[in-house]
Each structure stands twice: as C-alpha cells, then as structure tokens.
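See structure below.
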Amino acid sequence: MSITRRSFLATATAAMAAPRSRQRPNIIVLLADDLGYGDVGCYNPQSKIPTPHLDRLSREGVRFIDAHTPCGVCSPTRYGLMTGRYPWRGELKSQVLWPWDKPLIEKDRLTMPQMLKQAGYKTACFGKWHMGWDWATTDGSKVNSRVRIGDPQREIRNEHAKKILFDQPIGEGPTTRGFDYYFGVDLPNFPPYTFIENDRILAQPTEQKPEAMFGWPGAMKPGWKLEEVFPEIARRAVDYIKENAAKDQPYFMYFPFTAPHTPVAPAAEFKGKSQAGQYGDFVYQVDTVVGQVMDAVRASGTANETIVLFTSDNGPENLTYPVLKEYAHASQGPLRGAKRMLWEGGHRVPFLAWGPGRVPAGKTESEVICLTDIMATVASITGSKLPDDCAEDSYDVSAALFGKKRAKPIREATVHHSMNNEYALRQGDWVYIDSPKSAHAAAEPDWWRERNGVQAHAQPGELFHLKDDLKETKNLYAEQPERVKQMRALLEKYKTESRSVAKR
1 MSITRRSFLA TATAAMAAPR SRQRPNIIVL LADDLGYGDV GCYNPQSKIP
51 TPHLDRLSRE GVRFIDAHTP CGVCSPTRYG LMTGRYPWRG ELKSQVLWPW
101 DKPLIEKDRL TMPQMLKQAG YKTACFGKWH MGWDWATTDG SKVNSRVRIG
151 DPQREIRNEH AKKILFDQPI GEGPTTRGFD YYFGVDLPNF PPYTFIENDR
201 ILAQPTEQKP EAMFGWPGAM KPGWKLEEVF PEIARRAVDY IKENAAKDQP
251 YFMYFPFTAP HTPVAPAAEF KGKSQAGQYG DFVYQVDTVV GQVMDAVRAS
301 GTANETIVLF TSDNGPENLT YPVLKEYAHA SQGPLRGAKR MLWEGGHRVP
351 FLAWGPGRVP AGKTESEVIC LTDIMATVAS ITGSKLPDDC AEDSYDVSAA
401 LFGKKRAKPI REATVHHSMN NEYALRQGDW VYIDSPKSAH AAAEPDWWRE
451 RNGVQAHAQP GELFHLKDDL KETKNLYAEQ PERVKQMRAL LEKYKTESRS
501 VAKR
C-alpha cells in the first residue's frame with residue numbers, strides 16, 4: 001500500500017524525537033539571495049570580491065558547477081526547495097509574492113522540515129521567508145480577494161495594509177509548514193519593517209518607512225536600520241548551532257539570507273573591503289556569515305555529524321551589468337543573463353556541499369542538479385520514505401554528493417522557469433528555450449551583446465549547445481529542428497503530467 005502525503009503528515013504529528021546517530025547528521029541549508037555564479041572566488045578566479053570562507057568550503061567539500069534553481073526569482077525557488085516540486089505547478093505562475101499575499105505552500109503539501117520532523121529532527125528557520133502569510137485584518141478581509149497572488153497592484157496592497165493588525169498572531173507562516181522555530185523578516189524590502197519570531201512581530205511597527213529608505217512603503221518599527229537586519233539574523237542562527245551542539249536530537253536549520261539582495265546594505269565593517277563597490281562589500285559580508293556558521297559548527301565538535309549545503313535562490317540582480325561595467329566584476333561569471341531570465345545566468349548558481357567523513361573533499365562535480373533535488377536527497381540521507389504524491393520533481397542526487405560512480409546522468413532533464421512564466425528545458429549539453437526571447441531580454445544591455453558576439457535571430461525559440469557555447473551566443477534553433485521537436489515534446493510532457501520523477 002502506497003504512503004500518501006496526508007498519512008505521512010498524520011504520522012509526523014505523532015512522532016517522537018529519536019536520538020542522533022552518525023547515520024542521521026545535522027543538516028544546514030544556507031541560501032544566499034541573488035548571489036551570482038561569478039561572485040564566488042572558487043567559481044570565478046577573476047572575481048573582485050574576497051570569499052575565503054566559501055573557497056574553503058569548496059576545498060573541503062564538493063563544488064557543483066552545473067546546479068540550477070527551479071525559477072529565476074525567489075519566492076518560486078523557495079517553494080521548490082521546501083517541497084521538491086516545480087513551483088509553476090502551483091498557483092503562482094509568474095512574478096513573486098508581494099506584500100500581504102497568502103501562503104504559497106499548500107496546507108496539505110509535505111515540506112522538507114515536516115519530513116525531517118518525522119525522522120526525529122528538530123527544525124528551525126532563520127531569515128527571509130517570502131512564501132506568504134495569513135495576516136489578520138480589522139474586517140477579516142484578505143488582499144487576494146481583490147488581487148491575484150503575485151500581481152503587484154501597489155494601490156490595492158497599500159490600501160489593504162491599513163487594515164493589518166500587527167499585534168495579532170500571523171497565520172500560516174513557517175511554524176505551520178514544518179519549522180519548530182522561526183526568526184527573521186518576510187524580506188528586507190517589504191513591510192512590516194520589523195523582526196518576526198514564530199507567529200508574532202517582536203516590536204510593533206508604529207512608524208512609516210522614510211521615503212529615502214529603500215523598499216516598499218509601509219509600517220516600520222522605530223529605529224529600524226537596514227544594515228542591522230542580516231547581522232542580527234546571523235547571530236541568532238549561529239547561537240542556534242551552539243545551543244544544539246550537545247543535544248541528542250539532530251537538527252535541520254534552514255538559513256535563507258537577506259543578502260546580497262537589494263537593499264544593498266553592507267554593515268560598516270564590510271564597506272570598502274571588495275573591489276566591486278557596495279555590492280561586492282555585501283557579498284563579502286555573505287561570505288563572512290558563512291564563515292561564522294562554519295566556525296560554530298567546527299567549534300561545537302559536531303563537524304563529523306553535520307552536512308552543510310550552500311547555494312543561491314537565483315542569479316544576480318540586473319545591477320550586475322553596471323557593476324561589470326564600472327568594476328570589471330562579472331557576477332554571472334562566464335554565463336549570459338541575470339535574475340529573472342531564462343539564460344544560464346538567471347538560474348545556474350553556486351552549490352557547495354560539505355560534510356567531513358561523508359562528502360569528499362576538493363571534488364568538482366559536473367552532474368546537473370536542481371534545488372528541488374535537495375528534498376529527495378535529504379530523504380535518502382536520513383532514511384526517510386517519501387510519499388508518492390510529494391516531491392514530484394525531486395531526484396536523489398546523493399550519489400553525486402558523496403562522490404559515487406554513476407552509469408548515466410541522474411536527471412532525465414531539467415525545467416527552467418522565468419519570472420514571466422516562460423519555460424526552458426535542459427537535457428544533456430542542450431538547452432531549449434520555449435520563447436522568442438528569454439524573460440526580461442530587454443534588460444540585457446546592447447553593449448553586453450556586442451561585446452560577447454551574440455547573434456541576432458528571429459526564431460520562435462532558442463536552442464544552445466552549452467558545451468560549445470556556454471555564453472549562449474549562437475542560436476541553433478533553425479539548424480536542429482528534430483532536436484527542438486523532441487525537447488519541446490518532453491517539456492510539454494513534464495508540464496502536462498503532475499511529475500517529472502517516476503513514482504517511487
């Protein structure tokens with residue numbers, strides 16, 4: 001009899017914590033926000049940003065060079081990471097969540113922290129949530145009764161904000177999706193500008209954000225400073241590691257950073273520490289926080305009982321182009337494109353895995369993986385049984401993580417998705433983009449195309465051979481009609497069917 005998501009959740013609710021063993025390590029997932037493939041030194045020797053801690057992580061673990069996010073923007077990618085499911089299968093087909101949007105993860109959908117609670121783990125999340133909440137209002141109304149999820153509609157949302165009851169519990173947040181504890185912000189550029197702990201706001205936002213401060217207008221706690229957000233979240237995450245070091249129960253810590261996403265607000269001690277302007281300084285701060293986390297793990301004496309995964313939620317923001325022009329620093333590295341786009345720079349991201357005694361040191365891994373794969377991989381590591389109706393797009397990539405030989409690629413193919421609900425399919429060395437122009441192509445400067453010899457085309461789609469053309473400059477769509485036909489058919493199959501992974 002197959003196990004279902006519902007029966008799994010019922011069992012998880014009644015499960016008791018089991019003692020830790022070396023077969024079930026602590027698991028830490030560090031998710032940078034808008035960090036580019038070329039920002040990190042171990043991916044880009046020409047990087048103008050010092051990243052010593054990430055470089056050390058690479059030397060002591062596995063560096064994946066072909067890892068991808070399920071979407072080119074943040075909310076959908078976070079959904080995919082937490083559920084092992086392509087985000088476009090859910091309600092949000094384009095854009096991201098905006099202020100006061102409802103929860104993105106469905107109530108009955110199994111999440112990675114819920115799965116790990118069933119395996120006896122303690123679970124915590126620190127940082128940027130950005131997957132929706134259920135905010136109490138004066139009249140019981142919800143913003144999505146007037147505007148669809150993911151539709152900015154600023155006037156409607158700002159009007160709705162006047163009804164929010166900030167002194168009431170916030171429903172349907174992280175602690176209802178599998179986390180025992182949560183501390184952080186929805187995101188640093190959205191109201192309310194104050195910290196949230198579990199389902200409560202810590203300090204009431206009794207003022208309005210000044211117009212000069214970056215971000216959506218809205219309620220703010222007195223004295224709120226953007227440059228203090230990331231350090232406070234990091235401090236609490238590090239404290240969590242220290243507090244749980246000597247406990248028998250293993251833990252899962254999900255730490256979604258607020259950096260280097262805009263607002264670019266490096267703390268004072270990081271300013272001027274890179275050769276890539278304030279953005280580079282903020283990335284340097286990201287690296288330092290990684291170092292703080294890793295130092296806490298090593299000092300706790302649990303390094304041999306811990307697996308750390310570091311990655312990013314999508315490619316770098318479009319500010320990568322002025323940074324490239326002014327400082328000669330390429331946040332996307334050798335790739336084309338940036339956040340929101342379907343080209344590689346929009347979704348190919350750094351991915352580092354570390355785990356002494358489990359994960360081989362100093363290995364470079366070329367296996368194509370997607371962040372949706374983390375759920376099935378963690379299930380394999382912890383001996384968790386995934387129900388048939390969950391993690392439908394999550395492959396177990398533990399063989400690549402642990403350096404085991406494979407006879408063939410783990411993934412049949414990988415779907416890429418843009419902010420504008422456009423699709424691409426990666427299969428082997430080929431990538432097919434099912435659009436005349438990839439999302440936000442207008443944001444790509446003419447000077448970049450000219451500098452890199454991008455060939456103009458008038459085709460209904462794009463086809464690139466990445467082994468020969470990593471920068472995606474030569475569209476082979478017209479020259480490879482059969483390949484286009486086959487890849488389009490597989491893409492449509494994945495979109496039509498409810499899963500891309502065979503039933504377990």
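For the sequence shown, my numbering begins at 1 and goes up steadily by one. Glycine is no exception: its CB is placed at the ideal position from the N, C-alpha and C atoms. Keep in mind it's a predicted model, so treat the numbers as computed, not measured.
Could you round the C-beta distance between serine 394 and alanine 119 to whole angstroms and report it? I think they count as a contact, below 8 Å.
With a Cβ gap of about 16 Å, serine 394 and alanine 119 do not count as contacting.
Other residues of its chain near serine 21: CB distance less than 7 Å, five sequence neighbours each side excluded
Caution applies to serine 21, whose pLDDT of 44 falls short of 50 and renders its modelled position unreliable; the model cannot decide the point.
Using a Cβ distance threshold of 8 Å, determine whether the segment 276-285 contacts the segment 148-162, with at least three qualifying pairs required.
no
What does DSSP give as the partner residues of proline 222 in its beta bridges?
Answer is none; proline 222 lacks a bridge partner.
Consult DSSP for glutamine 427 and reduce its assignment to one of helix, strand or coil.
strand
Closer than 8 Å to chain B by CB, phenylalanine 179
The structure shown contains no chain B; it holds only a single protein chain.
In terms of alpha-carbon separation, which member of Gly403, Lys209, Glu172, Ile201 lies closest to asparagine 189?
Lys209
Same chain, Cβ closer than 6 Å to lysine 405, five either side skipped, listed in chain order
Here the set comprises nothing.
Taking buried to mean at least 16 other C-beta atoms within 10 Å of its own C-beta, is proline 152 buried or exposed?
So proline 152 ends up on the exposed side.
Through-space distance from methionine 115 to tryptophan 448, alpha-carbon basis:
45 Å
Specify the secondary structure class of histidine 347 as computed by DSSP and reduced to three states.
coil
Considering just the uninterrupted stretch of the alpha helix (DSSP H) at cysteine 125, what are its terminal residues?
Note, cysteine 125: premise wrong, no alpha helix (DSSP H); beta strand (DSSP E) at 122-128.
Quick check on this structure: which residue in Ala443, Asp446, Ser418, Val290 has the alpha carbon closest to the alpha carbon of aspartate 434?
Closest in alpha carbon position to aspartate 434, among Ala443, Asp446, Ser418, Val290, is Ser418.
Kindly indicate the opening and closing residues of the beta strand (DSSP E) around asparagine 244.
Where asparagine 244 is concerned, there is no enclosing beta strand (DSSP E), although the alpha helix (DSSP H) it sits in stretches over 229-244.
At the level of alpha carbons, what is the spacing between asparagine 26 and phenylalanine 351?
18 Å
Here's a check: name, in chain order, each residue in its chain whose Cβ is nearer than 6 Å to the Cβ of glycine 173, leaving out the five neighbours to either side.
Trp133, Asp199
Compare the C-alpha of valine 359 against each of Leu309, Pro263, Tyr193, Lys102 and name the closest.
Leu309
Buried or exposed (CB count within 10 angstroms, at least 16 for buried), leucine 570:
Missing from the structure shown is residue 570; the chain here goes from 1 to 504 and no further.
Using only CA atoms, which one of Glu497, Thr364, Tyr494, Lys493 lies nearest to isoleucine 65?
Thr364
Quick check: the Cα distance between phenylalanine 195 and arginine 451, rounded to an integer number of angstroms?
44 Å
With 16 other CB atoms within 10 Å as the buried threshold, where does alanine 442 fall?
exposed
So is lysine 408 buried or exposed if we call it buried at 16+ other beta carbons inside 10 Å?
Per the 10 Å Cβ criterion, exposed.
For asparagine 421 and threonine 414, I'd like the C-alpha separation in whole angstroms.
16 Å
Going by the CB atoms, is the gap between glycine 72 and arginine 340 shorter than 8 Å?
yes
Closest to alanine 478 by C-alpha separation, out of Val40, Phe464, Pro445, would be which residue?
Phe464
Since I believe glycine 36 is in contact with glycine 333 (beta carbons under 8 Å), could you give me their beta-carbon distance rounded to a whole number of angstroms?
7 Å
Is the separation between the beta-carbon of valine 297 and that of isoleucine 241 shorter than 8 Å?
Yes, Cβ-Cβ distance for valine 297 and isoleucine 241 is below 8 Å.
Per DSSP, cysteine 505 forms a beta bridge with which residues?
It is not possible to answer for residue 505, since the shown part of the chain is limited to 1 through 504.
Where do the ends of the alpha helix (DSSP H) carrying leucine 202 lie?
Unbroken run through leucine 202: none, as it is neither H nor E.
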